[in-house]
Amino acid sequence: MSLPESMGTRGVPYPPERYHSEAGEVSAYHRPDSAAPDLSYPNGVKVDYLATGATTAGDYGLYRWHFGPNETGPGPHFHRAVAESFYVLTGTVKIYNGEEWIPAGAGDFVHVPAGGLHGFRNVADEPASMLLHFTPGAPREGYFEGLRELAEGTELGPDDMAEFYKLHDNYWVD
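Under full-length UniProt numbering, the residues of the sequence shown are numbered 1 to 174, in order.
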């Protein structure tokens with residue numbers, strides 16, 4: 001039997017098998033929407049750790065980012081080790097696409113490969129939320145938690161700040 005190209009792999013093979021048992025296993029994880037956020041910032045931003053690099057064996061990280069009504073979010077930057085994707089759930093988020101800040105509303109998706117310039121922020125004076133997806137699954141939780149410590153008043157000198165950003169694969173551009 002031959003499948004039409006539209007039903008095949010389209011030139012991209014499946015990765016090697018990683019599970020070798022003859023039977024499946026009970027291993028699903030459920031995080032209810034009602035769960036408390038994993039991280040809260042002084043400016044009202046809340047972050048849910050939906051799937052971390054640790055829980056996905058390094059495959060990806062998935063976080064739900066809840067903006068408060070005030071303008072917040074990082075300016076233009078890039079990552080050398082990870083790709084980042086954004087899926088807007090509610091509200092309007094401005095996303096820097098390397099050339100300009102574009103409005104992204106509920107249902108919009110933006111993917112940024114490693115090295116791609118990007119940034120994001122809420123500027124609508126109303127709450128917004130989106131999914132942040134990183135691949136491979138770098139430990140972004142340490143970065144998010146470090147940013148909260150800085151927002152709460154922890155001070156780092158220029159060299160320590162540069163090391164913090166380098167450790168977390170964040171390279172800022174003007």
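Ideal Cβ placement from N, Cα and C applies to all residues, glycine included.
- As summarised for the segment 15-77, there are no continuous alpha helix (DSSP H) elements at least 4 residues long confined to that stretch.
- Approximately 6 Å separates the beta-carbon atoms of residue 127 and residue 68; this is inside 8 Å, confirming the contact.
- By the Cβ criterion, the segment 115-123 is in contact with the segment 77-97, since at least three pairs of Cβ atoms, one from each stretch, lie closer than 8 Å.
- Selection 155, 173, 147 evaluated against residue 40 yields 147 as nearest (Cα-Cα).
- For residue 128, the three-state secondary structure derived from DSSP is strand.
- Counted as a single uninterrupted DSSP element, the alpha helix (DSSP H) harbouring residue 140 occupies residues 140-151.
- The closest CA to that of residue 108, considering only 51, 101, 89, 114, is found on 89.
- Annotated three-state conformation of residue 104 is strand, per DSSP.
- Under DSSP, residue 94 forms a beta bridge with 103, 121.
- Classified as buried, residue 104 has 16 or more neighbouring CB atoms from the shown chains inside 10 Å of its CB.
- For residue 63, the number of other beta carbons within 10 angstroms of its own is at least 16, and it is reported as buried.
- Distance from the CA of residue 17 to the CA of residue 50, rounded to the nearest whole angstrom, comes to 24 Å.
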